[in-house]
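In our numbering, the protein residues as written are 3 to 276.
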(Lines of atoms letter the chains of each structure in order from A and count residues from 1; the text may use other names and numbers.)
(Lines give C-alpha, C1' and ligand atoms only; values in the text may rest on other atoms or scores of the structure.)
Protein backbone atom coordinates (compact mmCIF):
# COMPACT_ATOMS: atom_id res chain seq x y z
CA UNK A 1 0.00 0.00 0.00
CA UNK A 2 2.80 2.37 0.82
CA UNK A 3 4.44 1.76 -2.53
CA UNK A 4 1.20 2.55 -4.38
CA UNK A 5 0.63 5.82 -2.57
CA UNK A 6 4.23 6.92 -3.20
CA UNK A 7 3.99 6.36 -6.95
CA UNK A 8 0.76 8.30 -7.50
CA UNK A 9 2.17 11.80 -6.87
CA UNK A 10 5.06 11.10 -9.26
CA UNK A 11 2.60 10.01 -11.97
CA UNK A 12 0.45 13.11 -11.49
CA UNK A 13 3.53 15.35 -11.53
CA UNK A 14 4.85 13.82 -14.73
CA UNK A 15 1.50 14.34 -16.46
CA UNK A 16 1.49 17.98 -15.40
CA UNK A 17 5.00 18.37 -16.71
CA UNK A 18 4.05 16.78 -20.02
CA UNK A 19 1.08 19.12 -20.36
CA UNK A 20 3.27 22.11 -19.60
CA UNK A 21 5.92 21.05 -22.14
CA UNK A 22 3.24 20.43 -24.78
CA UNK A 23 1.78 23.90 -24.21
CA UNK A 24 5.22 25.48 -24.54
CA UNK A 25 5.92 23.58 -27.77
CA UNK A 26 2.48 24.44 -29.14
CA UNK A 27 3.04 28.12 -28.41
CA UNK A 28 6.50 27.99 -29.99
CA UNK A 29 5.15 26.29 -33.13
CA UNK A 30 2.30 28.79 -33.34
CA UNK A 31 4.77 31.68 -33.26
CA UNK A 32 6.77 30.05 -36.07
CA UNK A 33 3.60 29.60 -38.14
CA UNK A 34 2.70 33.26 -37.68
CA UNK A 35 6.22 34.33 -38.68
CA UNK A 36 6.19 32.22 -41.87
CA UNK A 37 2.64 33.36 -42.66
CA UNK A 38 3.68 37.03 -42.48
CA UNK A 39 6.67 36.34 -44.74
CA UNK A 40 4.60 34.41 -47.29
CA UNK A 41 1.90 37.09 -47.32
CA UNK A 42 4.57 39.74 -47.89
CA UNK A 43 5.96 37.90 -50.93
CA UNK A 44 2.47 37.23 -52.34
CA UNK A 45 1.52 40.89 -51.94
CA UNK A 46 4.82 41.97 -53.47
CA UNK A 47 4.35 39.68 -56.49
CA UNK A 48 0.73 40.75 -56.95
CA UNK A 49 1.46 44.47 -56.84
CA UNK A 50 4.41 44.08 -59.25
CA UNK A 51 2.42 41.99 -61.78
CA UNK A 52 -0.52 44.42 -61.76
CA UNK A 53 1.77 47.48 -62.01
CA UNK A 54 0.67 48.88 -58.67
CA UNK A 55 4.38 49.30 -57.99
CA UNK A 56 7.11 49.78 -60.57
CA UNK A 57 8.51 46.27 -61.13
CA UNK A 58 11.66 47.73 -62.71
CA UNK A 59 12.59 49.59 -59.50
CA UNK A 60 11.06 47.31 -56.88
CA UNK A 61 11.55 44.07 -58.84
CA UNK A 62 9.40 41.04 -57.85
CA UNK A 63 9.87 37.65 -56.13
CA UNK A 64 9.63 35.83 -59.47
CA UNK A 65 12.45 37.97 -60.91
CA UNK A 66 14.52 37.35 -57.79
CA UNK A 67 13.98 33.61 -58.18
CA UNK A 68 15.01 33.76 -61.85
CA UNK A 69 18.14 35.76 -60.97
CA UNK A 70 18.96 33.33 -58.17
CA UNK A 71 18.70 30.29 -60.50
CA UNK A 72 20.80 32.03 -63.18
CA UNK A 73 23.57 32.99 -60.72
CA UNK A 74 23.56 29.52 -59.15
CA UNK A 75 24.02 27.92 -62.56
CA UNK A 76 26.98 30.10 -63.53
CA UNK A 77 28.49 29.72 -60.03
CA UNK A 78 28.89 33.44 -59.40
CA UNK A 79 26.44 33.64 -56.49
CA UNK A 80 28.20 31.12 -54.24
CA UNK A 81 31.54 32.69 -55.11
CA UNK A 82 30.40 36.13 -53.93
CA UNK A 83 28.73 34.64 -50.82
CA UNK A 84 31.94 32.77 -49.99
CA UNK A 85 34.05 35.94 -50.27
CA UNK A 86 31.73 37.90 -47.96
CA UNK A 87 31.56 35.04 -45.42
CA UNK A 88 35.34 34.62 -45.45
CA UNK A 89 35.96 38.31 -44.79
CA UNK A 90 33.26 38.40 -42.09
CA UNK A 91 34.59 35.36 -40.20
CA UNK A 92 38.21 36.53 -40.36
CA UNK A 93 37.17 39.94 -39.03
CA UNK A 94 34.99 38.32 -36.36
CA UNK A 95 37.81 36.07 -35.08
CA UNK A 96 40.24 38.99 -34.92
CA UNK A 97 37.67 41.13 -33.09
CA UNK A 98 36.98 38.46 -30.43
CA UNK A 99 40.65 37.58 -29.83
CA UNK A 100 41.73 41.24 -29.90
CA UNK A 101 38.92 42.31 -27.55
CA UNK A 102 39.82 39.63 -25.00
CA UNK A 103 43.53 40.45 -25.09
CA UNK A 104 43.11 44.23 -24.86
CA UNK A 105 40.37 44.00 -22.20
CA UNK A 106 42.64 41.68 -20.20
CA UNK A 107 45.47 44.21 -20.50
CA UNK A 108 43.16 46.99 -19.29
CA UNK A 109 42.04 44.87 -16.32
CA UNK A 110 45.61 43.90 -15.52
CA UNK A 111 46.93 47.48 -15.61
CA UNK A 112 44.49 50.10 -14.38
CA UNK A 113 46.74 52.98 -15.50
CA UNK A 114 46.64 51.83 -19.13
CA UNK A 115 42.84 51.49 -19.01
CA UNK A 116 42.38 55.00 -17.60
CA UNK A 117 44.70 56.48 -20.23
CA UNK A 118 43.22 54.69 -23.26
CA UNK A 119 39.53 54.28 -22.37
CA UNK A 120 38.51 57.85 -23.47
CA UNK A 121 40.13 57.26 -26.87
CA UNK A 122 38.21 54.00 -27.29
CA UNK A 123 34.96 55.79 -26.46
CA UNK A 124 35.68 58.43 -29.12
CA UNK A 125 36.65 55.84 -31.74
CA UNK A 126 33.57 53.78 -30.94
CA UNK A 127 31.33 56.83 -31.47
CA UNK A 128 33.02 57.78 -34.74
CA UNK A 129 30.94 56.96 -37.87
CA UNK A 130 32.89 54.06 -39.35
CA UNK A 131 31.76 54.73 -42.93
CA UNK A 132 33.84 57.92 -42.74
CA UNK A 133 36.97 55.82 -42.20
CA UNK A 134 36.49 53.62 -45.27
CA UNK A 135 37.79 56.11 -47.91
CA UNK A 136 40.82 56.84 -45.72
CA UNK A 137 41.54 53.13 -45.32
CA UNK A 138 41.42 52.67 -49.10
CA UNK A 139 44.07 55.38 -49.55
CA UNK A 140 46.25 53.89 -46.80
CA UNK A 141 45.88 50.17 -47.53
CA UNK A 142 44.61 50.02 -51.12
CA UNK A 143 41.47 48.44 -52.58
CA UNK A 144 41.91 44.86 -51.35
CA UNK A 145 40.65 42.31 -48.84
CA UNK A 146 42.84 43.71 -46.06
CA UNK A 147 41.00 47.03 -46.28
CA UNK A 148 37.62 45.28 -46.12
CA UNK A 149 38.62 43.23 -43.06
CA UNK A 150 39.97 46.37 -41.36
CA UNK A 151 36.61 48.05 -42.09
CA UNK A 152 34.89 45.17 -40.30
CA UNK A 153 37.30 45.52 -37.37
CA UNK A 154 36.71 49.26 -37.10
CA UNK A 155 32.96 48.74 -36.81
CA UNK A 156 33.06 46.09 -34.08
CA UNK A 157 36.26 46.10 -32.07
CA UNK A 158 36.07 49.33 -30.06
CA UNK A 159 32.63 48.65 -28.59
CA UNK A 160 33.59 45.02 -28.03
CA UNK A 161 36.68 45.99 -25.99
CA UNK A 162 34.65 48.37 -23.83
CA UNK A 163 31.92 45.79 -23.20
CA UNK A 164 34.36 42.97 -22.34
CA UNK A 165 36.36 45.27 -20.06
CA UNK A 166 33.18 46.42 -18.30
CA UNK A 167 32.29 42.78 -17.68
CA UNK A 168 35.76 42.13 -16.22
CA UNK A 169 35.55 45.12 -13.87
CA UNK A 170 32.04 44.25 -12.63
CA UNK A 171 32.91 40.74 -11.43
CA UNK A 172 31.95 40.10 -7.80
CA UNK A 173 34.90 41.56 -5.78
CA UNK A 174 34.35 39.06 -2.95
CA UNK A 175 35.44 36.22 -5.24
CA UNK A 176 38.66 38.04 -6.08
CA UNK A 177 39.27 38.79 -2.40
CA UNK A 178 38.87 35.08 -1.66
CA UNK A 179 41.55 34.18 -4.21
CA UNK A 180 43.89 36.84 -2.82
CA UNK A 181 43.20 35.71 0.76
CA UNK A 182 44.35 32.23 -0.26
CA UNK A 183 47.52 33.87 -1.64
CA UNK A 184 46.48 33.46 -5.22
CA UNK A 185 48.21 35.43 -7.97
CA UNK A 186 46.61 37.96 -10.30
CA UNK A 187 46.84 35.42 -13.10
CA UNK A 188 44.88 32.94 -10.98
CA UNK A 189 42.22 35.61 -10.36
CA UNK A 190 41.95 36.02 -14.12
CA UNK A 191 41.89 32.29 -14.81
CA UNK A 192 39.59 31.15 -12.00
CA UNK A 193 37.23 34.11 -11.54
CA UNK A 194 37.31 36.80 -14.23
CA UNK A 195 37.15 34.68 -17.40
CA UNK A 196 34.70 31.99 -16.14
CA UNK A 197 32.35 34.67 -14.74
CA UNK A 198 32.32 36.49 -18.08
CA UNK A 199 31.62 33.55 -20.39
CA UNK A 200 27.88 34.48 -20.78
CA UNK A 201 28.80 38.14 -21.34
CA UNK A 202 31.44 37.25 -23.96
CA UNK A 203 28.99 35.00 -25.81
CA UNK A 204 26.39 37.79 -25.87
CA UNK A 205 29.03 40.20 -27.22
CA UNK A 206 29.92 37.64 -29.90
CA UNK A 207 26.31 37.57 -31.11
CA UNK A 208 26.40 41.35 -31.54
CA UNK A 209 29.86 41.39 -33.11
CA UNK A 210 29.05 38.89 -35.87
CA UNK A 211 26.38 41.26 -37.20
CA UNK A 212 28.64 44.30 -36.87
CA UNK A 213 31.46 42.53 -38.73
CA UNK A 214 29.05 41.69 -41.57
CA UNK A 215 28.02 45.36 -41.73
CA UNK A 216 31.67 46.44 -41.81
CA UNK A 217 32.49 43.99 -44.58
CA UNK A 218 29.61 45.23 -46.72
CA UNK A 219 30.72 48.85 -46.18
CA UNK A 220 34.22 47.90 -47.28
CA UNK A 221 32.93 45.99 -50.31
CA UNK A 222 30.90 49.03 -51.36
CA UNK A 223 34.11 51.00 -51.86
CA UNK A 224 37.05 48.63 -52.22
CA UNK A 225 35.94 45.35 -53.79
CA UNK A 226 35.38 43.64 -57.11
CA UNK A 227 33.75 40.63 -55.49
CA UNK A 228 31.38 39.90 -52.64
CA UNK A 229 27.73 40.69 -51.94
CA UNK A 230 28.49 44.35 -51.19
CA UNK A 231 30.08 44.66 -54.62
CA UNK A 232 27.02 43.02 -56.20
CA UNK A 233 24.77 45.61 -54.54
CA UNK A 234 26.84 48.58 -55.77
CA UNK A 235 27.35 47.13 -59.25
CA UNK A 236 23.67 46.25 -59.57
CA UNK A 237 22.55 49.74 -58.54
CA UNK A 238 24.97 51.34 -61.02
CA UNK A 239 23.77 49.16 -63.90
CA UNK A 240 20.09 49.25 -62.80
CA UNK A 241 20.01 45.49 -62.18
CA UNK A 242 17.71 45.76 -59.20
CA UNK A 243 17.17 42.02 -59.02
CA UNK A 244 20.88 41.61 -58.20
CA UNK A 245 20.65 44.33 -55.56
CA UNK A 246 17.57 42.95 -53.79
CA UNK A 247 18.76 39.35 -54.06
CA UNK A 248 22.07 40.29 -52.43
CA UNK A 249 20.28 42.15 -49.64
CA UNK A 250 17.97 39.18 -49.09
CA UNK A 251 20.96 36.80 -48.91
CA UNK A 252 22.72 39.11 -46.44
CA UNK A 253 19.64 38.92 -44.21
CA UNK A 254 19.73 35.10 -44.36
CA UNK A 255 23.48 35.02 -43.61
CA UNK A 256 23.06 37.36 -40.62
CA UNK A 257 20.20 35.23 -39.29
CA UNK A 258 22.10 31.94 -39.70
CA UNK A 259 25.25 33.28 -38.05
CA UNK A 260 23.19 34.59 -35.13
CA UNK A 261 21.38 31.24 -34.75
CA UNK A 262 24.69 29.34 -34.74
CA UNK A 263 26.10 31.56 -31.99
CA UNK A 264 22.80 31.39 -30.07
CA UNK A 265 22.95 27.58 -30.05
CA UNK A 266 26.62 27.74 -29.06
CA UNK A 267 25.67 30.01 -26.17
CA UNK A 268 23.00 27.52 -25.04
CA UNK A 269 25.43 24.60 -25.17
CA UNK A 270 28.16 26.41 -23.28
CA UNK A 271 25.74 27.85 -20.70
CA UNK A 272 25.12 24.26 -19.52
CA UNK A 273 28.74 24.09 -18.35
CA UNK A 274 28.99 27.54 -16.74
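We put the CB at the ideal spot given by N, CA and C, even for glycine.
Practice prompt. Just tell me which of 194, 79, 261 has its CA closest to the CA of residue 178.
Written response: 194
Worksheet entry | Cα-Cα separation between residue 183 and residue 175, rounded to whole angstroms | 12 Å
Item to complete: Answer yes or no: do residue 245 and residue 120 have a C-beta to C-beta separation smaller than 7 Å?
Response: no
Worksheet item: In or out: residue 156 buried (at least 16 other Cβ within 10 Å) or exposed?
Response: buried
Fill in: Enclosing alpha helix (DSSP H) for residue 65 [first to last residue]
65-78
Discussion item. Can you give me the C-alpha to C-alpha distance between residue 196 and residue 214, rounded to a whole angstrom?
Written reply: 25 Å
Discussion item. Can you give me the C-alpha to C-alpha distance between residue 218 and residue 17, rounded to a whole angstrom?
Written reply: 51 Å
Fill in: residue 260 to residue 185 span [Cα, whole Å]
46 Å
Worksheet item: Out of curiosity, what's the CA-to-CA distance linking residue 210 and residue 46?
Response: 32 Å
Worksheet entry | Where the alpha helix (DSSP H) through residue 59 begins and ends | 59-62
Worksheet item: Taking the alpha-carbon positions, what's the residue 265 to residue 216 distance?
Response: 14 Å
Worksheet item: Around the Cβ of residue 239, are there at least 16 other Cβ atoms within 10 angstroms (buried) or fewer (exposed)?
Response: exposed
Discussion item. Tell me the rounded alpha-carbon separation between residue 159 and residue 100.
Written reply: 8 Å
Worksheet item: So residue 223 and residue 88 are in contact, right, with Cβ under 8 Å, and what is the actual spacing, rounded?
Response: 7 Å
Worksheet item: Do three or more CB pairs link the region 75-93 to the region 132-146 at distances below 8 Å?
Response: no
Worksheet item: Between the Cα of residue 243 and the Cα atoms of 49, 63, 20, 50, which residue gives the shortest distance?
Response: 63
Worksheet item: Under a Cβ-count criterion, where at least 16 other Cβ atoms within 10 Å of its own Cβ denotes burial, should residue 79 be classed as buried or exposed?
Response: exposed
Worksheet entry | Start-end ranges of the alpha helix (DSSP H) lying completely within the region 180-240, minimum 4 residues | 188-191, 201-226, 231-240
Worksheet item: Leaving out the 5 sequence neighbours to the left and right, which residues in its chain are closer than 7 Å to residue 55 when beta-carbon positions are compared?
Response: none
Worksheet item: Who are the near neighbours of residue 254 in its chain, counting only those whose CB is closer than 6 Å to its CB and skipping five residues on each side?
Response: 231
Worksheet entry | Contacts around residue 102, its chain only, beta-carbon distance under 7 Å, and the 5 residues preceding and following it disregarded | 159
Worksheet item: In terms of alpha-carbon separation, which member of 205, 188, 81 lies closest to residue 162?
Response: 205
Fill in: CB-CB length for residue 165 against residue 207, believed under 8 Å
5 Å
Discussion item. Considering just the uninterrupted stretch of the alpha helix (DSSP H) at residue 128, what are its terminal residues?
Written reply: 114-129
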